Amino acid sequence: MDKKLKTALNIAFAAPPPEGKAAFFRAHRRRELGPGELLLTQAGYVRWWTWAGSAVLFAVILVLAAGREPGAVWTASALTPLLALIAVAEWGRSRRYGMEELELSCRMPLRAALLARMAAVGLLHLLLLGLAAPVLALWGGGKMLQAGAYLLTPYLLTTAIGMEASRRVRGQEGLLACAAAAFLVCALGMCAWRTWPNLYRAEKVPFWWAALALTLAASAFEFVKTLKETEELRWN
Amino acid sequence: MALDIEEQYERIYRYCYFRLRDRHWAEDVTQETFLRWLSSDTYRDTGQTLQYLYTIARNLCIDEGRKPHSEPLPEDMPAEPDDPLLSLALRSELDGLPPEDRELVLLRVVNEVPVGVLCRLYGVSRFALYRRLRGILKRLRQRLEG
Chain C
129 MDKKLKTALN
139 IAFAAPPPEG
149 KAAFFRAHRR
159 RELGPGELLL
169 TQAGYVRWWT
179 WAGSAVLFAV
189 ILVLAAGREP
199 GAVWTASALT
209 PLLALIAVAE
219 WGRSRRYGME
229 ELELSCRMPL
239 RAALLARMAA
249 VGLLHLLLLG
259 LAAPVLALWG
269 GGKMLQAGAY
279 LLTPYLLTTA
289 IGMEASRRVR
299 GQEGLLACAA
309 AAFLVCALGM
319 CAWRTWPNLY
329 RAEKVPFWWA
339 ALALTLAASA
349 FEFVKTLKET
359 EELRWN
Chain Z
172 MALDIEEQYE
182 RIYRYCYFRL
192 RDRHWAEDVT
202 QETFLRWLSS
212 DTYRDTGQTL
222 QYLYTIARNL
232 CIDEGRKPHS
242 EPLPEDMPAE
252 PDDPLLSLAL
262 RSELDGLPPE
272 DRELVLLRVV
282 NEVPVGVLCR
292 LYGVSRFALY
302 RRLRGILKRL
312 RQRLEG
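From first to last, the protein sequence lines stand for chains C and Z. Residue numbering for the first sequence follows our numbering, starting at 129 and increasing by one per position. Residue numbering for the second sequence follows our numbering, starting at 172 and increasing by one per position.
Now the structure itself:
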């Protein structure tokens with residue numbers, strides 16, 4: 129559309145300025161939640177045992193890893209799927225208890241609430257893993273970033289499998305499926321450490337970066353897919 | 172994407188003004204639209220705020236239009252056109268358009284309402300909406316050039 133016509137249309141449709149706009153918005157301002165406030169509000173709805181479980185599990189991972197100093201990072205790496213299990217269990221809570229429909233009818237959209245809760249739990253886990261990485265790198269004799277990749281890869285793999293499983297299997301069985309996935313990844317980590325110790329050598333680090341990128345992409349894909357499912361059904 | 176509600180106030184007001192042709196009446200209806208939106212308990216923030224606002228405004232304008240209005244409606248246009256001839260010609264062409272076509276031009280071109288919102292508002296497909304709008308603008312351009 130040419131600019132001249134658009135300008136002319138804007139002039140032709142010009143209306144006298146509204147007089148009561150400022151007064152109206154002073155009197156009737158809708159309170160909007162900022163991202164930080166939304167995160168804090170929704171963090172309050174995350175069950176206490178999610179926080180406590182994460183902290184306890186983090187302590188257990190460190191204690192178990194501390195006892196196996198050469199293989200500290202691998203032990204911790206094999207146990208991080210359990211941390212992911214806690215996050216996935218929180219993620220699928222409304223679906224598991226059949227409360228999705230009710231939460232969809234609330235003023236605060238389920239999608240925003242879920243995102244905020246998962247951001248809160250995810251940030252805590254990231255912080256815990258971030259704290260663990262330098263300690264484990266020190267014990268295991270590797271680099272911090274390398275230790276971070278070893279910790280995050282099984283975590284993200286479990287998250288992706290857990291989200292897929294909880295979407296496919298409804299109700300309490302969904303949680304069982306997630307738990308099975310977490311223990312499977314745990315077992316894989318343990319087996320890998322014993323069967324293929326070369327996997328954790330410095331020259332295999334590029335493989336871990338690739339695996340991290342892949343699991344990150346898979347988690348993001350599952351995350352978006354699950355979020356889309358929290359939208360209202362459109363019938364036409 | 173967050174919607175700038177204060178900016179939308181002016182656009183909704185313009186929409187009401189062109190339906191009611193009275194600035195005070197249009198402002199009352201605009202404020203009523205926003206009050207209904209703010210007080211709505213059933214509205215869920217599903218990203219359709221704009222559609223919701225225009226639907227309320229349109230329904231209110233229809234209701235107001237049905238009420239008897241004792242005073243003649245003044246047309247207090249404040250426009251200061253760069254090209255008065257073009258503007259006058261355009262205004263007369265716009266007056267000759269069916270009200271629903273005029274409304275579509277106002278919403279899409281002047282108020283810049285997204286096509287998706289307009290499709291849901293009118294219950295038509297994107298293709299139908301584009302075709303209709305293109306036809307109106309083509310006619311306007313031809314008449315202005317001819």
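Cβ coordinates follow ideal geometry from the N, Cα and C atoms, glycine included. Bear in mind the structure is a predicted one, so any value in this text is a computation, not a measurement.
So, with DSSP's three-state summary, where would you put residue i?
i	result
C/TRP324	coil
C/HIS88	Absent from the structure is residue 88 of chain C, since the part of chain C shown begins at 129 and ends at 364.
C/GLU357	helix
C/SER205	helix
Z/GLN202	helix
Z/SER263	helix
C/LEU304	helix
C/SER222	helix
C/SER347	helix
Z/SER210	helix
Z/GLU283	coil
C/CYS319	helix
C/PRO262	helix
C/ARG295	helix
Z/SER296	coil
Z/ASP272	helix
Z/CYS353	This structure leaves residue 353 of chain Z out entirely; chain Z is present only between 172 and 317.
C/ARG329	coil
C/LEU161	coil
Z/GLN179	helix
C/ASP130	coil
C/PHE141	coil
Z/ASP193	coil
C/PRO282	helix
Z/GLU402	One cannot answer for residue 402 of chain Z here, as it falls past the ends of chain Z, which runs 172 to 317.
C/GLY181	helix
C/ARG239	helix
C/LYS271	coil
C/GLU147	coil
C/CYS234	coil
Here's the rule: buried if 16 or more other CB atoms are within 10 angstroms of the residue's CB, otherwise exposed. What is residue i?
i	result
C/HIS253	buried
C/THR208	buried
C/GLU76	An answer regarding residue 76 of chain C cannot be provided, because it is not within the stretch 129 to 364 covered by chain C.
Z/SER263	exposed
Z/VAL286	exposed
Z/TYR184	buried
C/THR323	exposed
C/TRP177	exposed
C/CYS319	exposed
C/VAL352	exposed
C/GLY270	buried
C/VAL216	buried
C/PRO282	buried
C/ARG175	exposed
Z/ASP175	exposed
Whole-angstrom Cβ separation of residue i and residue j, contact assumed at under 8 Å?
i	j	result
C/ALA193	C/ALA200	4 Å
Z/VAL276	Z/LEU221	With 8 Å as the limit, Z/VAL276 and Z/LEU221 do not qualify as a contact, their Cβ atoms being about 17 Å apart.
C/PRO146	Z/GLU316	Rounded, the Cβ-Cβ distance is 34 Å, inconsistent with contact.
C/ALA261	C/TRP336	Contact doesn't hold; Cβ gap of about 13 Å is too wide.
Z/LEU206	C/HIS156	7 Å
C/VAL297	C/ALA305	4 Å
C/THR343	C/LEU284	4 Å
C/PHE141	Z/PHE189	6 Å
C/ALA248	C/GLN170	6 Å
Z/ILE307	Z/LEU268	7 Å
Report task. Take every Cβ of the segment 278-296 of chain C, pair it with every Cβ of the segment 306-317 of chain C, and state whether three or more of those distances are shorter than 8 Å. Result -> The answer is yes - the segment 306-317 of chain C touches the segment 278-296 of chain C, with three or more Cβ pairs under 8 Å.
**Report entry** Under 7 Å (Cβ pairs) to chain Z, residues found in the segment 131-157 of chain C
**Finding:** LEU133, LYS134, ALA136, LEU137, ASN138, ILE139, ALA140, PHE141, ALA142, ALA143, PRO144, PRO146, GLU147, GLY148, LYS149, PHE152, PHE153, HIS156
Query - Positions along the segment 276-296 of chain Z whose CB lies within less than 9 Å of some CB in chain C - result: VAL276, LEU277, VAL280, VAL281, ASN282
Requested in this report: Scan the segment 179-190 of chain Z for residues whose Cβ lies nearer than 8 Å to a Cβ of chain C and list them as they occur along the chain.
Outcome: TYR180, GLU181, TYR184, ARG185, TYR188, PHE189
Query raised in the report: For the segment 325-333 of chain C against the segment 224-233 of chain C, are there 3 or more C-beta pairs whose distance is under 8 Å?
Result: no
Query raised in the report: If contact means a Cβ-Cβ distance below 8 Å, which residues of the segment 261-276 of chain Z contact chain C?
Result: Against chain C - using a Cβ distance shorter than 8 Å - the residues of the segment 261-276 of chain Z are LEU261, ARG262, LEU265, VAL276.
Query raised in the report: Taking Cβ-Cβ distances below 7 Å as the criterion, which residues of the segment 220-237 of chain Z are in contact with chain C?
Result: none
Query raised in the report: Contact between the segment 177-190 of chain C and the segment 301-317 of chain Z: three or more CB pairs below 8 Å?
Result: no
**Report entry** Within 8 Å of chain C by C-beta, residues of the segment 296-315 of chain Z in sequence order
**Finding:** So the close ones are LEU308, LEU311, ARG312, LEU315.
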